[in-house]
Structures are given as structure tokens and as C-alpha cells.
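> Here it is, the structure, as C-alpha cells.
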Amino acid sequence: MKTTDESVIESVVVAMDGKEKDIFPFIPYLVQDLWEFGTDAELVIKLIYQHQKEYSKLKILDLGCGKGPVSIKIAKEFNCQCWGIDAVEEFIHYAIKKAEEYQVSEICHFSVGDIRQEIKNLAEFDIVILGAIGPVLGDYYTTLTLLSPLLKKNGMVIMDDAYVDNDGDASHPLILRKSEILKQISHAGMNIIQELIMDKDYIEKSNNQIFKTIKNRARELEDKYPDKKTLFQNYIKAQEEENESMENSLTCSVMLIGKS
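So that you can map any letter, position 137 of the sequence shown is 137 in UniProt numbering, and since no number is skipped, the others follow by simple counting.
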């Protein structure tokens, strides 16, 4: 992992539910057994079927794409052009190989980059996807204000995120209440067209599978780097805390957002 930009490192660690920047160079090792550890591609595909028409003509941008499962599955399903950007070089190398495996490498493009900088030179997309990457671009208002120029006239943003229900008493340092999210979306001149709430049982099952894999790899790292044992244990603890919040106190959803 070649990047030394502290802000990029911090944003990647936050997106991967970590709290310490020193975990950054070990992230590819921790998730080496996983392809999908973020947004459910099937939910995104469902929204595209319901709200788009000329599927093969779509231009889709996947920001913080990880290893590319969402872009690759969309390209395979709709035979449309997809672009994925992520700051982790190892993720992009994996995504490129997967695109070849799925025979979509000619229409599914991946590049390494800081999405905060890359979006300044992009435009004319039908859909921009932000899949469970956290507030890398800022809060909802800032994020949507930055993404709006990237969209075609009737373009849409698909966001996979979590929130605290208005009547809930949960709190999270990076999570907003639903009422505040709606306020910020409206302030950005946009609105939620459709929202798919994720099933709690599905979330728990998915989290358990991912956590088991990461925990096993973390133990290997503890053996290899005993002086960093606390670092890896803290990362596992952070994963456990995030999973507990997702499964019990937060609402996780995929939102389709369009211009008002």
C-alpha cells in the first residue's frame, strides 16, 4: 500500500471500521479472503431495475469501490459502463482480475485514487454509488453537493449507510438521525426516491461471516508481529462494536437519491 497521504489513510481506515491509522497497511491482509465486504450488489441492481430503463446505455460511478463486486455485478447484469475508484491499490488489482473473470473488463474500469480529488474531473453519470464507505466526502449535504455536478440531468445517487431512528436513543460518532439526514438531503436540493431497509437477520449473518474471516487473519498477524498485538486486537474490538451497532441500534439501508 504505497499511499502516504495521511487524510487518505484516515478515510480508508474509517471506511473499514477502524480507529487507528496504523492498521492501514494491514487491511489488505485482513480482508484477503473476502471479495464482498460492503454494499449488497443485489439491492443496487434491484433499484436500477426499478428506476432506470435503457440499461446498456447507463454510465455508473462506484466511489470507494473496494474490490469491485458492485460494479462488476452491475456491468454483468446490464452490460453497461461502470467505473470504480478506490484508494487501496491491492483492492483495485483484485477488482481488475475479477472483472476479467466475469468477462466484463471491457466495460468495467477500475483505478486507484483519492475519490475526493478524482471527482473534480468527472461528469455525466447516470448513477453514482457510495457503498458503505462512511463520511469520506463529508456529511450528507456536503457529499451530495459535491456529487451533484457529476450527474446527468436525471442522474441519481445510491448510498448505503446507517442512521439512528428519530425515536431511538442510540448514539454513534459518525451516524446521524434520520431527521437530520432528510434535512441535509433537502438542503442539497435532492430527495430520497426509494429506500431499501436491510433485514437484521441478513446483517447479522453477513457480519458474522466477515468477522470470522477477519479475526482469523488478525490472529495470524498477531503471531507474525507480536509487538503490534494490541493494534490487531483493537481492530477486532472495533469490528465487534460496529457489528453490534448495526445489528441492534442502527437502521441500515440503501437509499436512492435524486434531484428535487
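Note that the Cβ used here is the ideal one computed from N, Cα and C, for glycine as well. Please read these numbers as outputs of a predicted model, since none were measured by experiment.
#1: Counting Cβ pairs closer than 8 Å, one from the region 73-89 and one from the region 140-148, do we hit at least three?
#2: At 3 residues or longer, and completely inside the region 97-136: list those beta strand (DSSP E) runs for me, N to C.
#3: Restricting to Cα atoms, I'd like to know which of E100, I197, R217, D167 is closest to P69.
#4: Just to check my reading of the structure: L196 and L30 have Cβ atoms closer than 8 Å, yes? What is that Cβ distance to the nearest angstrom?
#5: Can you tell me whether F24 sits near the ligand FMN, meaning its C-beta is under 7 Å from at least one heavy atom of the ligand?
#6: If I follow the unbroken beta strand (DSSP E) through K153, where does it start and stop?
#7: Given this structure, state the Cα-to-Cα distance separating K120 from T39, to the nearest angstrom.
#8: Are the region 123-134 and the region 157-167 touching, with three or more C-beta to C-beta distances below 8 Å?
#9: How big is the Cα-Cα spacing for K59 and E10?
#10: Considering only their Cβ atoms, is the gap separating L250 from F232 smaller than 8 Å?
#11: Ignoring anything shorter than 4 residues, give me the alpha helix (DSSP H) runs that lie fully in the region 2-40, in order along the chain.
#12: Sort G258, I257, N243, L256 by Cα distance to F37 and report the nearest one.
On the basis of the coordinates in this document:
#1: Fewer than three beta-carbon pairs drawn from the region 73-89 and the region 140-148 are found closer than 8 Å, and the two stretches are therefore not classed as touching.
#2: Along the region 97-136, the beta strand (DSSP E) occurs as fully enclosed runs of 3 or more residues at 108-112, 125-131, listed in sequence order.
#3: Against the sequence shown, residue 69 aligns to sequence position 69. The option with the nearest alpha carbon to P69 is E100.
#4: Working through the sequence shown from its first residue, we reach residue 196 at position 196. Working through the sequence shown from its first residue, we reach residue 30 at position 30. The C-beta distance from L196 to L30 rounds to 28 Å, too long to meet the 8 Å contact threshold.
#5: In the structure on display, the ligand FMN does not appear, and there are no ligands present to speak of.
#6: For the purposes of this step, residue 153 is taken as residue 153 along the sequence shown, with counting starting at 1. 151-163 is the extent of the beta strand (DSSP E) around K153.
#7: As a first step, residue 120 must be located in the sequence shown, where it is residue number 120. As a first step, residue 39 must be located in the sequence shown, where it is residue number 39. Using only the alpha carbons, I get a separation of about 24 Å.
#8: By the C-beta criterion, the region 123-134 is judged to be in contact with the region 157-167, since at least 3 inter-stretch pairs fall below 8 Å.
#9: Against the sequence shown, residue 59 aligns to sequence position 59. Against the sequence shown, residue 10 aligns to sequence position 10. In this model, K59 and E10 are separated by some 29 Å (Cα to Cα).
#10: One-based indexing of the sequence shown puts residue 232 at position 232. One-based indexing of the sequence shown puts residue 250 at position 250. Taking 8 Å as the cut-off, the beta carbon of F232 is found no closer than this to the beta carbon of L250.
#11: The DSSP assignment places complete alpha helix (DSSP H) segments of no fewer than 4 residues inside the region 2-40 at 6-15, 27-30, in order along the chain.
#12: In the sequence shown, counting from the first residue as 1, residue 37 sits at position 37. The candidate whose alpha carbon is nearest that of F37 is N243.
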